[in-house]
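This report concerns only the one structure given below.
Protein chains in written order, with my numbering: chain A, 3 to 252; chain B, 10 to 397.
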């Protein structure tokens with residue numbers, strides 16, 4: 003299941019240490035912006051009196067990775083969805099497809115690449131937590147094994163009845179994500195997508211794409227068959243008219 | 010080759026269009042320079058909320074779709090063996106090839122790192138529709154070039170290679186039809202992944218089929234339109250005996266397509282959003298009445314179908330409806346979910362217009378130099394006499 007993050011919106015004090023730590027860790031230029039950009043991979047948005055962290059959710063079956071024509075985006079076994087900028091052609095299909103609208107583009111550069119949170123994949127490899135989780139002074143962003151985090155989230159929800167909405171956002175959304183969130187306000191009011199099916203969107207295209215090899219064979223044989231029949235018919239009709247001609251002459 | 014003679018009687022009218030072409034082409038070059046020095050943000054109205062705009066919606070989706078006449082007609086002539094349509098196959102293949110070239114140039118501008126376009130050949134991701142699109146563009150452009158090459162060979166007197174291709178024409182056409190089927194439908198499959206973003210008036214699990222069948226309808230419409238346009242430019246007669254049955258094919262394709270669209274909307278329970286008559290509803294009604302219902306109804310009447318003006322009008326509506334559909338899928342239907350409005354920038358429009366102009370100029374040039382139309386450039390002067 004790999005590693006992940008649990009974000010507890012009720013505990014966040016809005017200090018922004020996570021966003022600053024992210025900028026520093028990933029050497030991103032500029033100030034922390036109000037929305038995600040190619041240079042701001044995580045940010046805080048105030049909704050309903052809460053500070054809501056926005057960042058890549060690191061889906062279990064990432065839509066971005068499924069649509070990337072050159073496999074520049076991949077899901078690692080550790081949990082992060084990582085990005086290989088040297089492969090990317092800049093087609094922006096990941097931006098179109100991401101149900102959480104996370105990947106962002108360097109619109110200001112002549113040779114742009116995508117920017118998005120990579121869950122500090124390098125740090126996780128070294129056994130360290132993500133920079134944002136390490137920086138959080140309020141335990142609002144917890145780093146850990148995903149199953150432990152689910153356990154922790156359920157415990158918090160159970161121990162304080164009424165203090166949380168009885169839902170872990172990210173458990174089933176778009177097939178489940180490595181980053182999860184709990185809150186005392188319904189998630190759609192926090193600007194999070196609430197209409198995401200539990201089936202990963204990637205399956206919808208795979209149902210079509212996986213049939214292509216079969217289709218090519220059948221379609222090819224059918225088309226050749228059509229040609230064979232129509233050409234034969236023409237030959238026959240030619241031969242027929244030829245015979246008629248002979249009869250007429252005789 | 011009496012090129013001078015063919016040019017002489019038309020020197021006055023193309024003068025205007027030549028100026029238009031040169032201006033558009035220079036503007037296109039300027040935008041290209043800005044694009045590769047200041048980035049896509051400086052040239053387009055694209056944003057993180059709206060990453061695909063006119064260049065995908067029009068240049069890519071419509072460029073490929075309107076090239077569908079090529080595979081449709083090659084199949085009709087070489088597979089269904091309706092040889093009487095042979096005279097209009099060559100211009101159709103040329104249009105198809107130019108359409109694909111148009112798409113590739115547009116992609117080179119739209120991609121962030123166009124010099125990595127070959128990455129799709131090396132780094133595979135068969136789960137990606139874009140991967141399928143990339144392969145289809147590459148392979149089918151090659152097939153179109155090969156299908157067209159005998160024309161070039163003939164022109165320069167290389168008869169041996171032309172004969173080889175002629176012998177291989179059946180497998181070549183079958184390959185082209187398979188690739189086109191995959192490619193036309195895959196452009197619809199591109200949008201399968203956004204069920205939560207694309208408006209229910211356009212989203213459907215059947216999108217690949219919608220795109221495929223509407224491309225056949227509009228592809229035939231394009232064949233009629235280009236026969237008309239080149240007929241006007243080169244003072245040739247409209248081949249009404251060939252185009253009238255094509256219009257019947259167009260009616261069938263558009264009819265099936267229209268029904269499928271209505272079924273998809275019923276399945277999505279989206280008829281309500283037409284009645285609400287909001288932004289999406291209005292755009293849908295415009296697209297569907299003007300681009301599907303009207304051409305189907307008009308072209309069902311033999312009297313209209315056999316009249317050159319009405320025939321061309323019906324074909325124009327089918328093409329217009331097709332373009333509106335692709336723009337609605339790629340832009341109108343995606344706006345609500347993105348939370349923004351997208352209108353292409355002037356520079357985006359210039360690129361699209363510049364590419365169309367270049368395509369038409371290359372077509373006009375090719376028609377003069379190569380034996381593309383049945384009467385051919387050599388016998389052209391007699392054709393213009395007939396027209397006059």
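Ideal placement from N, C-alpha and C gives every residue a C-beta, glycine not left out.
Are the C-beta of residue i and some C-beta of chain A separated by less than 8 angstroms?
i             : result
residue 198/B : yes
residue 61/B  : yes
residue 193/B : no
residue 129/B : yes
residue 224/B : no
residue 215/B : no
residue 265/B : no
residue 135/B : yes
residue 242/B : no
residue 291/B : no
residue 183/B : yes
Grouping DSSP H, G and I as helix and E and B as strand, with all else coil, what is residue i?
i             : result
residue 175/A : helix
residue 379/B : coil
residue 17/A  : coil
residue 39/A  : strand
residue 54/A  : strand
residue 138/A : coil
residue 106/A : strand
residue 59/B  : coil
residue 182/B : helix
residue 88/A  : coil
residue 170/A : coil
residue 59/A  : coil
residue 348/B : coil
residue 146/A : strand
residue 234/A : helix
residue 313/B : helix
residue 101/B : helix
residue 10/A  : strand
residue 115/A : coil
residue 197/A : coil
By the 10 Å Cβ neighbour count, where 16 or more other Cβ atoms means buried, how is residue i classified, buried or exposed?
i             : result
residue 284/B : exposed
residue 36/A  : exposed
residue 167/B : exposed
residue 382/B : buried
residue 147/A : exposed
residue 42/B  : exposed
residue 44/B  : buried
residue 51/A  : exposed
residue 142/A : buried
residue 87/B  : buried
Can you pull the DSSP bridge partners for residue i?
i             : result
residue 83/A  : 77/A
residue 308/B : Answer is none; residue 308/B lacks a bridge partner.
residue 215/B : Bridge partners of residue 215/B: none, in fact.
residue 48/A  : 53/A
residue 181/A : 7/A
What residues of chain A sit near residue i, judged by a beta carbon separation below 7 angstroms?
i             : result
residue 49/B  : 109, 114
residue 201/B : 206, 207, 210
residue 132/B : 72, 73, 89
residue 125/B : 91
residue 179/B : 229
Closer than 9 angstroms by beta-carbon distance: list the chain A residues that pair up with residue i, in chain order.
i            : result
residue 57/B : 37, 38, 39, 40, 97, 103, 105, 106, 107, 109
Against chain B, with Cβ distances strictly below 8 angstroms, would residue i count as a contact?
i             : result
residue 70/A  : yes
residue 249/A : For residue 249/A, the pLDDT reaches just 46, beneath the cut-off of 50, and the residue's location in the model is therefore unreliable, leaving the point undetermined.
residue 195/A : yes
residue 46/A  : no
residue 175/A : no
residue 198/A : yes
residue 34/A  : no
residue 94/A  : yes
residue 218/A : yes
residue 136/A : no
List, in order along the chain, the chain A residues whose C-beta lies closer than 8 angstroms to that of residue i?
i            : result
residue 46/B : 112
residue 1/B  : Nothing about residue 1/B can be reported from this structure: the residues present for chain B run from 10 to 397 only.
So which residues on chain B does residue i lean against when the C-beta distance must stay under 9 angstroms?
i             : result
residue 232/A : 88, 89, 90, 91
residue 60/A  : Within chain B, no residue comes near residue 60/A; the closest Cβ sits about 18 angstroms away, beyond 9 angstroms.
residue 203/A : 201, 202, 203, 204, 205
Under 7 angstroms between beta-carbons, which chain B residues line up against residue i? List them in chain order, please.
i             : result
residue 304/A : Because chain A in this structure spans residues 3 to 252, residue 304/A falls outside the shown range and cannot be described.
residue 65/A  : 202
So which residues of chain B does residue i contact, with C-beta pairs closer than 8 angstroms?
i             : result
residue 214/A : 141, 191
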